[in-house]
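J.: Please read through the structure below; I'll follow up with questions.
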Amino acid sequence: MVPIVKISNLDKYFGRLHVLKNISLEVPPRQVVCLIGRSGSGKSTLLRCINFLEEPSRGSIEVDGIHVSGGEKGKEHRRLIHEVRLKTGMVFQEFNLFPHMTVLENVIEGPVIVKGMDKAKAIEIAKMNLDRVDMLWKKDEYPMRLSGGQKQRVAIARALTMEPKVMLFDEPTSALDPELIGEVLNVMKKVAQEGMTMIVVTHEMGFAREVADRVLVMGEGELIEDAKPSDLFTNPKDPRTKALIDRYRSEEQ
Amino acid sequence: MNIFSKAQDAPKSQAELIYELQARKERHFRANVGLSWFILLFILVFTFSGQEITIGSTTFSGIKVDTEFIRNNLTFIAGGLGETIRISIMSIVLAMILALLAALGRLSTFPPIYALSTFYVSLIRGTPLYLQIFFFFLALPQLGIILPGIIAGVLALGLNYGAYMSEIFRAGLSSVGKGQREAAIALGMTPTQTMRRVILPQALRFAIPPVGNEFIAMTKDSALVSATGFVHELMWRSTKVGRAQFHNLEALIMAAMFYWGLTLILTYIQSVIEKRLAKGDR
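Going line by line, the protein sequences match chains U and S. Okay, so the first sequence: first residue is 595 according to our numbering, each after it adds one. Okay, so the second sequence: first residue is -15 according to our numbering, each after it adds one.
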């Protein structure tokens, strides 16, 4: 099957620091991939390279047939990055809703401003997506009046309304109070079940085990393991993966 | 069956008692401040009343001001109020535009734009406002550029305040977190769309209260423009009649009262706006 996301020989440096080392990866349509690893392992950076929030130093990214090489400059390069961003939706750890807009305004902002969509049509799609995350009832509130979990659900609806080919989640539950994590994970699970391709950077091992089709483990800027969750959790190969899973098991008890 | 009356009869909890004590202290303090203000105001009025007051064995006598002069010139001086407000509004609008451009210039990665912005701020902040006003009125005519009084005044005040206010807008722009920019570009917004739709609205909201302060300060600095003799605002009018009839004391007191009153009104309006902003989002 033609992959939706294809990362080839990706390198990323922050100054002299080599944070991503020759990473290659293919994600087929409808697959849910969880990226786990210790903090500082490069998993967020890898995710942010996919929509060029970080410019890769070397290698290339391909999203739904749009091929962009890292480290280039110029108008054509910027146009391709724009194409890639239209095909990716992103959800951030800190939600990053626009505080000066209501929930509905946040969600229609992308389609209306970026795609030039008719406002009535955008509202229609936005309402459908707000309903999907069960936040339609708060459509006229400002983000300040929402809980963290509600904000993150709106952020998911905002990304979905751009009708992306792949959703990127950057530690979507790490900034949440423990009792609010569940509602966000449930929404993500629902989006996954509806067939969205998802790449999720997370510390939520339970979610990885239950929802992911595939778990990637990163360590020191490299992909150290790539397995089905059932295999990974019962039979981790790399000692670093084993350490991660042991810690998860001890926290579970 | 009234549950509310029941609750009232119940003994007060310790937290309630502490809260009430604090609230009483606060009210007490405010009442005393208000009373002290009233006494200070009374002393001020008495000082210029020409009346005598005897406390114990000491007699205080107020300065006699010429009330007839005040009555005769009240409308003339008050007539400058409109001009003071007009020049201040025009200047603050110019200043806001310049300040925003200068603040955006500081964000530019294009060296000439960055340089232009810092050069402007440095030059204006490095020279006196009084000099800048005279530059527009007195130096430009030597080059054959003769500006109408109000235009020259607005240019001088606007340029000056623009340089100082650029810091306000810079702070406003940097108050918007980098996550906001990332969310906008992840949606596919161009840098211009990101600035216009996401960064600027938040930065401007942040800037409203300090811009209000600057406006209040400007209504008073606009008095400097009177020195040139071409803008007939409050200060110009009061010195004109004061000097002509040697009643500078009365004339300046009158102007001072107008400025003070204007400041009080503007400060009140600003506090209302700030409260409304605080009630909004964020």
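Even for Gly, the Cβ is constructed at its ideal location relative to N, Cα and C.
(1) Assuming GLY146/S contacts ALA191/S under a Cβ cut-off of 8 Å, what Cβ separation, rounded to an integer in Å, is found between them?
(2) For the putative contact between SER222/S and LEU236/S, defined by C-beta atoms under 8 Å, what is the C-beta separation to the nearest angstrom?
(3) Against chain U, does LEU157/S count as a neighbour if the rule is that its beta carbon must be under 8 Å from one of theirs?
(4) Which stretch, first to last residue, makes up the beta strand (DSSP E) that contains MET684/U?
(5) Can you tell me whether ARG747/U is buried or exposed, with buried defined as 16 or more other CB within 10 angstroms of its CB?
(6) Compare the C-beta of MET(-15)/S with all C-beta atoms of chain U and state if any pair is closer than 8 Å.
(7) If distances are taken between C-alpha atoms only, which option among LEU100/S, PHE30/S and LEU78/S comes closest to LEU88/S?
(8) In chain order, which continuous runs of the alpha helix (DSSP H) of length 4 or greater are located wholly inside the segment 694 to 728 of chain U?
(9) Check each candidate in ILE27/S, GLY213/S and ALA86/S and name the one with the smallest Cα separation from LEU268/S.
(10) To the nearest angstrom, how far is the alpha carbon of SER824/U from that of LEU810/U?
(11) Within this structure, are the beta carbons of LEU115/S and PHE199/S separated by less than 8 Å?
(12) In terms of DSSP beta bridges, what is ALA806/U paired with?
(13) 8 Å is my cut-off, CB to CB: does PRO766/U come that close to chain S?
(14) On the three-state DSSP scale, how would you describe ASP265/S?
(15) Using 10 angstroms around the beta-carbon of MET729/U, count the other beta-carbons present and answer buried if the total reaches 16, otherwise exposed.
(16) When you compare only the Cα positions, how much space is there between GLU773/U and ALA79/S?
(17) Can you tell me the Cβ-Cβ gap for SER844/U and HIS797/U, rounded? I've got them flagged as a contact below 8 Å.
(18) Which runs of the alpha helix (DSSP H) spanning at least 4 residues fall entirely within the segment 92 to 153 of chain S, listed in chain order?
(19) Do the CB positions of ARG154/S and ARG90/S come within less than 8 Å of each other?
(20) Just the Cα atoms here: how many angstroms apart are MET684/U and ARG752/U?
(21) Write down every uninterrupted run of the alpha helix (DSSP H) in the segment 17 to 71 of chain S whose length is 4 residues or greater and which is fully enclosed by it, in chain order.
(22) Look at the Cβ atom of VAL657/U, then the Cβ atom of VAL678/U, and state whether they are nearer than 8 Å.
(23) Compute the beta-carbon to beta-carbon distance between LEU770/U and GLY813/U, rounded to the nearest angstrom, for a pair I have assumed lies under 8 Å.
(24) From LEU641/U to ARG652/U, what does the alpha carbon distance come to, in whole angstroms?
(25) Compute the distance between the beta-carbons of VAL794/U and CYS628/U, then report whether it is under 8 Å.
(26) Would you kindly check if the distance between the Cβ of SER635/U and the Cβ of SER618/U is under 8 Å?
(27) With a cut-off of 8 Å, does the C-beta of GLN186/S fall near any C-beta of chain U?
(28) Can you tell me where the beta strand (DSSP E) with ASP764/U in it begins and where it stops?
(29) Would a check of beta-carbon distances place ARG260/S closer than 8 Å to chain U?
(30) Which value, in whole angstroms, describes the spacing of the CA atoms of ASP265/S and GLY161/S?
(31) For a cutoff of 8 Å on Cβ pairs, would you count ALA170/S as touching chain U?
(32) What residues in its chain sit with their C-beta under 6 Å from that of VAL697/U, if we drop five residues either side in the sequence?
(33) Suppose the cutoff is 7 Å on Cβ atoms and the five residues either side in sequence are ignored; what does the same chain contact list for ILE675/U look like?
(34) Note down, one range per segment and in chain order, each alpha helix (DSSP H) of at least 4 residues found wholly within the segment 608 to 685 of chain U.
(35) Would you call the CB atoms of GLU816/U and LYS615/U closer than 8 Å?
(36) Give the C-beta separation of GLY46/S and PHE30/S to the nearest angstrom, bearing in mind that I take them to be a contact with Cβ-Cβ under 8 Å.
T.: Here's the rundown:
(1) With 8 Å as the limit, GLY146/S and ALA191/S do not qualify as a contact, their Cβ atoms being about 13 Å apart.
(2) 6 Å
(3) no
(4) 682 to 685
(5) buried
(6) With a pLDDT of 49 at MET(-15)/S, under the threshold of 50, the modelled position of this residue cannot be trusted, and the question is left open.
(7) LEU100/S
(8) 697 to 703 and 713 to 726
(9) Here chain S comprises residues numbered -15 to 266, so residue 268/S is not present and cannot be evaluated.
(10) 13 Å
(11) no
(12) Note: ALA806/U sits in no beta bridge, so no partner.
(13) no
(14) Summary for ASP265/S: the model assigns pLDDT 49, below 50, so the residue's position carries little reliability; its value from the coordinates is reported in the next sentence. If DSSP states are grouped into helix, strand and coil, ASP265/S belongs with coil.
(15) buried
(16) 49 Å
(17) Incorrect: roughly 14 Å between the Cβ atoms, too far for contact.
(18) 95 to 109 and 113 to 118
(19) yes
(20) 9 Å
(21) 51 to 62
(22) yes
(23) Not confirmed; about 26 Å, so no contact.
(24) 15 Å
(25) yes
(26) no
(27) yes
(28) 760 to 764
(29) no
(30) For ASP265/S, the predicted model reports a pLDDT of 49, less than 50, meaning its position is unreliable; a value from the coordinates is still stated below. Rounded to the nearest angstrom, the two C-alpha atoms are 16 Å apart.
(31) yes
(32) LYS732, LYS733, GLU735 and VAL748
(33) PHE646 and VAL662
(34) 637 to 644 and 669 to 681
(35) yes
(36) 5 Å
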